[in-house]
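Data block below; observations after.
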Amino acid sequence: MKNFNGFILLLAFVFTSMPGYSQYQMVDAFPALHSFSYPVELVNSKDGTNRLFVVQQRGLIYVFNNSPSVNVSKTFINLSSKVSQSGSELGLLGMAFHPDYKNNGYFYIYHTFDSIINSSTTYWSRLSRYTVSPTNPDSARLSTQYIMLTLRQPYSNHNGGKITFGNDNYLYIGLGDGGSGGDPQGNGQNRSTLLGSILRINVDSAGGGREYSIPVTNPFYNNVFGYKEEIYAYGIRNPWKFSFDSLTNRLFLGDVGQNLYEEIDVVENGKNYGWNKMEGFHCYGTCDTTGKGFVRPILEYSHSEGASVTGGYVYRGSLLPGLYGKYVYADYSYGKVWCLTYDGINPVVNTLLEDANFAVSSFGVDERNELYVLKYHASSGRLMKFVNQNVATLDLKLSIEGFYESTNDRLRISDTVTVYARQTSAPFAIADSATSVIDSLTFRGVFIFNNANTGTYYLQTKHRNALETWSSAGGTSLIKGGQVSYDFTNSAAKAYGSNQVLINSRFNLFSGDIVKDGFVSLDDVLGAYNDAGSFVTGYVPTDVSGNNIVDLVDILYVYNNSSNFVQSITP
Numbered sequence: 001m002k003n004f005n006g007f008i009l010l011l012a013f014v015f016t017s018m019p020g021y022s023q024y025q026m027v028d029a030f031p032a033l034h035s036f037s038y039p040v041e042l043v044n045s046k047d048g049t050n051r052l053f054v055v056q057q058r059g060l061i062y063v064f065n066n067s068p069s070v071n072v073s074k075t076f077i078n079l080s081s082k083v084s085q086s087g088s089e090l091g092l093l094g095m096a097f098h099p100d101y102k103n104n105g106y107f108y109i110y111h112t113f114d115s116i117i118n119s120s121t122t123y124w125s126r127l128s129r130y131t132v133s134p135t136n137p138d139s140a141r142l143s144t145q146y147i148m149l150t151l152r153q154p155y156s157n158h159n160g161g162k163i164t165f166g167n168d169n170y171l172y173i174g175l176g177d178g179g180s181g182g183d184p185q186g187n188g189q190n191r192s193t194l195l196g197s198i199l200r201i202n203v204d205s206a207g208g209g210r211e212y213s214i215p216v217t218n219p220f221y222n223n224v225f226g227y228k229e230e231i232y233a234y235g236i237r238n239p240w241k242f243s244f245d246s247l248t249n250r251l252f253l254g255d256v257g258q259n260l261y262e263e264i265d266v267v268e269n270g271k272n273y274g275w276n277k278m279e280g281f282h283c284y285g286t287c288d289t290t291g292k293g294f295v296r297p298i299l300e301y302s303h304s305e306g307a308s309v310t311g312g313y314v315y316r317g318s319l320l321p322g323l324y325g326k327y328v329y330a331d332y333s334y335g336k337v338w339c340l341t342y343d344g345i346n347p348v349v350n351t352l353l354e355d356a357n358f359a360v361s362s363f364g365v366d367e368r369n370e371l372y373v374l375k376y377h378a379s380s381g382r383l384m385k386f387v388n389q390n391v392a393t394l395d396l397k398l399s400i401e402g403f404y405e406s407t408n409d410r411l412r413i414s415d416t417v418t419v420y421a422r423q424t425s426a427p428f429a430i431a432d433s434a435t436s437v438i439d440s441l442t443f444r445g446v447f448i449f450n451n452a453n454t455g456t457y458y459l460q461t462k463h464r465n466a467l468e469t470w471s472s473a474g475g476t477s478l479i480k481g482g483q484v485s486y487d488f489t490n491s492a493a494k495a496y497g498s499n500q501v502l503i504n505s506r507f508n509l510f511s512g513d514i515v516k517d518g519f520v521s522l523d524d525v526l527g528a529y530n531d532a533g534s535f536v537t538g539y540v541p542t543d544v545s546g547n548n549i550v551d552l553v554d555i556l557y558v559y560n561n562s563s564n565f566v567q568s569i570t571p
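1 is the number of the first residue of the sequence shown in our numbering; add one for each residue after it.
Next up, the structure:
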């Protein structure tokens, strides 16, 4: 016990406030959008539409386009008639889209509902599948409900609420210990009940009298002890929110504590997380822990710091590179938001990001893995996000002629581009520069300018074999502490002098300026011709088509643009 207490002291030390994140500030992500009533979940459909869905606790789900200027949403589905209409831990609690939602239109809902049995209110948890309208992608049909699991709850609280699909395409479901306080029924350590567990099921097949099947890799699959085969992990008090790290596939859980401690767990197959024998790193009740094999949390915090943990996400977006790979979570009651560094080897480092003045009910991510924070309120619920006050962020969209595959409307490869922010008056001095990778599917890259102040600039793009291209006359704004978007692909006029080539419906930067002199000329043609004759391969400027081989295709791109006297047009 002495060594164990020493570890707790070390953890407490690493938990103390640390410098380096004061640049991050929470702001309203969609200031023109209406407020929400008790928002508890934010999800995206992963279907390429860039929409966001907000789940309200009393049954409404809204959908809207993920744009900072969006000012309208639509009702995706109204489940008010299906869910509990009172109770702080009751109602519509979770939503998850099927991994193949784009094709099958399935999404899943976890909620509670009430019934009267022998003049007493009885509480239930239910998992159902619904289907989107075949004619309206922003509307789902209530009549398509397919009930998959219904479970009676002994009390009104500790219902969990989170559901999500893993990379294995199985659905993970969080169920609390059944409620009251201290787990009076001992459900956390009882594998013969679904309560107090993370479940994992296969929704794509049914078997064993269920509306789903059990993955054969579940720890109690086909056991002979009467343990519930759906259980993935157990010994959990109230798994309000959990998520997978999209890169490492680690499952991070915020497990809400009892009287003294909140905890963050990394959940693994078949493991026992200790409730109701442990609360955080500490014994609970009789301290019956010997030989139990309880898995300790990766972090705990006491009720002097908060009172109800809200699990979050490992940040894998592009707009906040300083937070990349860190697990961002919060305390619902105190409104504190932290970021946690965990690699499974080194001591956990936990840092306060913001001490907000509102209850944090949940987090969400969009299709680009950008993070949002949900403000919980009856009438003024909002969707928040973090911004870096010290930088100007440019969300740039462009396409490159030689790389563009018109049949698939994508770039053949993702590639590096540098953008210079230049003053809008002669001699157009460089104020700042940033380099990023343009994604082959979205045509987008995020450029972080550390030195440019808020103002108007020309954006000058440079690429290894594309023609130097400037943004439209007059320049465009960059905002320190904010984000702006610029799209070269939707109009010729977005380039200075309309200096782009239209392929199908997408505008592209001209390819072929291999020697980087602002002209596509004979020098460029000769460079491509000589490398093709030498069978040059790899990442080289003369590979204008981006297929890692210098050949006749590359020569033709350069020759055609040279024949048409293509050159940079600048202010």
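All C-beta atoms, glycine included, are put in the ideal place defined by N, C-alpha and C.
(1) Buried or exposed for residue 339, going by 16 or more other Cβ atoms inside 10 Å?
(2) Using only the alpha-carbon positions, how far apart do residue 366 and residue 54 sit?
(3) Classify residue 405 as buried or exposed, calling it buried when 16 or more other Cβ atoms lie within 10 Å of its own Cβ.
(4) Pair every Cβ in the segment 36-50 with every Cβ in the segment 356-374, then say whether three or more of these pairs are closer than 8 Å.
(5) Pick out the complete alpha helix (DSSP H) segments inside the segment 153-211, 4 residues or longer, and give them in chain order.
(6) Do residue 207 and residue 329 have their CB atoms nearer than 7 Å?
(7) I'd like to confirm something about residue 36: is its beta-carbon nearer than 6 Å to some heavy atom of the ligand ZN, or not?
(8) Can you round the beta-carbon distance between residue 203 and residue 212 to whole angstroms, since I take them to be within the 8 Å contact cut?
(9) Identify the residues that DSSP records as bridge partners of residue 130: which are they?
(10) What residue from 116, 123, 107 has the CA that sits closest to residue 132's CA?
(11) Within the 7 Å Cβ cut-off, does residue 529 reach chain B?
(12) Could you give the residue range of the beta strand (DSSP E) that holds residue 92?
(13) Can at least three beta-carbon pairs, one atom from the segment 169-184 and one from the segment 138-146, be found at a separation below 8 Å?
(14) Any chance the segment 419-436 sits against the segment 370-380, with 3 or more Cβ pairs inside 8 Å?
(15) Could you tell me whether the segment 443-450 touches the segment 519-531, where touching means 3 or more Cβ pairs closer than 8 Å?
(16) Can you find at least 3 beta carbon pairs, one from the segment 267-286 and one from the segment 303-323, that sit closer than 8 Å?
(17) Check residue 527 in the structure and name its three-state DSSP category.
(18) Assuming residue 298 and residue 392 are in contact, meaning their beta carbons sit under 8 Å apart, how far apart are those beta carbons, in whole angstroms?
(19) Exposed or buried, which one is residue 63 when buried takes at least 16 other CB atoms within 10 Å?
(20) Just to check my reading of the structure: residue 550 and residue 512 have Cβ atoms closer than 8 Å, yes? What is that Cβ distance to the nearest angstrom?
(21) Could you tell me the distance, in whole angstroms, from the CA atom of residue 354 to the CA atom of residue 215?
(22) Looking only at C-alpha atoms, which of 509, 238, 307, 268 sits nearest to residue 276?
(23) Which of helix, strand or coil does DSSP assign to residue 489?
(24) Between which two residues does the alpha helix (DSSP H) holding residue 556 run?
(25) Are there 16 or more other CB atoms within 10 angstroms of the CB of residue 193, so buried, or fewer, so exposed?
(26) Go through its chain and collect everything with a Cβ distance to residue 380's Cβ below 7 Å, but skip five positions before and after it.
(27) Expressed to the nearest angstrom, what Euclidean distance is found between the alpha-carbon atoms of residue 586 and residue 482?
(28) So within the segment 242-324, which uninterrupted alpha helix (DSSP H) runs reach at least 4 residues, ignoring any that extend past its ends?
(29) In whole angstroms, what is the alpha-carbon distance linking residue 519 and residue 335?
(30) Considering only the alpha carbon of each residue, which of 167, 117, 112 lies closest to residue 151?
(31) Does DSSP put residue 354 in a helix, a strand or coil?
(32) Can you tell me which of 267, 309, 538 puts its alpha carbon nearest to the alpha carbon of residue 296?
(33) Cutting at 8 Å between CB atoms, please list the residues of its own chain near residue 500, excluding the five before and the five after it.
(34) Under a Cβ-count criterion, where at least 16 other Cβ atoms within 10 Å of its own Cβ denotes burial, should residue 270 be classed as buried or exposed?
(35) For a test of the three-state rule: what should DSSP assign to residue 29, helix, strand or coil?
(36) Go through its chain and collect everything with a Cβ distance to residue 593's Cβ below 6 Å, but skip five positions before and after it.
By the coordinates alone:
(1) Flag for residue 339 reads buried.
(2) Straight-line Cα distance between these residues: approximately 12 Å.
(3) Around the C-beta of residue 405, fewer than 16 other C-beta atoms lie within 10 Å, and the residue is accordingly described as exposed.
(4) Short answer: they touch.
(5) For the segment 153-211, not a single whole alpha helix (DSSP H) run of length 4 or above is found.
(6) If you check the CB distance, residue 207 and residue 329 do not come in under 7 Å.
(7) The ligand ZN is absent from the structure shown, which contains no ligands of any kind.
(8) Between residue 203 and residue 212 the beta-carbon gap is near 5 Å, inside 8 Å, which marks them as a contact.
(9) Bridge partners of residue 130: 107.
(10) The shortest Cα separation from residue 132 among 116, 123, 107 belongs to 107.
(11) No chain B is present in this structure, which holds just one protein chain.
(12) Annotation for residue 92: the continuous beta strand (DSSP E) segment containing it runs 92-97.
(13) Using a Cβ-Cβ distance cut-off of 8 Å, the segment 169-184 and the segment 138-146 are not in contact, since fewer than three pairs of beta carbons, one from each stretch, lie closer than that value.
(14) Put simply, the segment 419-436 does not touch the segment 370-380. Fewer than three CB pairs are less than 8 Å apart.
(15) Contact between the segment 443-450 and the segment 519-531 is absent, because fewer than three Cβ pairs lie under 8 Å.
(16) The segment 267-286, when compared against the segment 303-323, does not touch it at the 8 Å Cβ threshold.
(17) When secondary structure is reduced to three states using DSSP, residue 527 falls in the helix class.
(18) 35 Å between Cβ atoms; not a contact.
(19) By the 10 Å Cβ count, residue 63 comes out buried.
(20) For residue 550 against residue 512, the beta-carbon gap comes to about 13 Å, at or over 8 Å, which does not count as contact.
(21) Cα-Cα distance, rounded: 40 Å.
(22) For residue 276, the nearest C-alpha among the options comes from 238.
(23) In this structure, residue 489 counts as helix in the three-state DSSP scheme.
(24) Segment 552-563, the alpha helix (DSSP H) holding residue 556.
(25) Around the beta carbon of residue 193, 16 or more other beta carbons sit within 10 angstroms, so the residue counts as buried.
(26) By the criterion of a C-beta distance shorter than 7 Å, residue 380 is surrounded in its chain by 35, once the five residues flanking it on both sides are discounted.
(27) Residue 586 lies beyond the range of the chain shown here (1 to 571); nothing can be said about it.
(28) Within the segment 242-324, there are no complete alpha helix (DSSP H) runs of at least 4 residues.
(29) When rounded, the distance between both Cα atoms is 56 Å.
(30) Among 167, 117, 112, the Cα nearest to that of residue 151 belongs to 112.
(31) Note: residue 354 maps to strand in three-state DSSP.
(32) With respect to the C-alpha of residue 296, the residue from 267, 309, 538 having the closest C-alpha is 267.
(33) If you ignore the 5 residues before and after residue 500, its C-beta comes within less than 8 Å of the C-beta of 469, 488, 492, 494, 507, 508, 509, 510, all in its own chain and listed in chain order.
(34) Burial call: exposed.
(35) Note: residue 29 maps to coil in three-state DSSP.
(36) Because the chain spans 1 through 571 in this model, residue 593 falls outside it and cannot be assessed.
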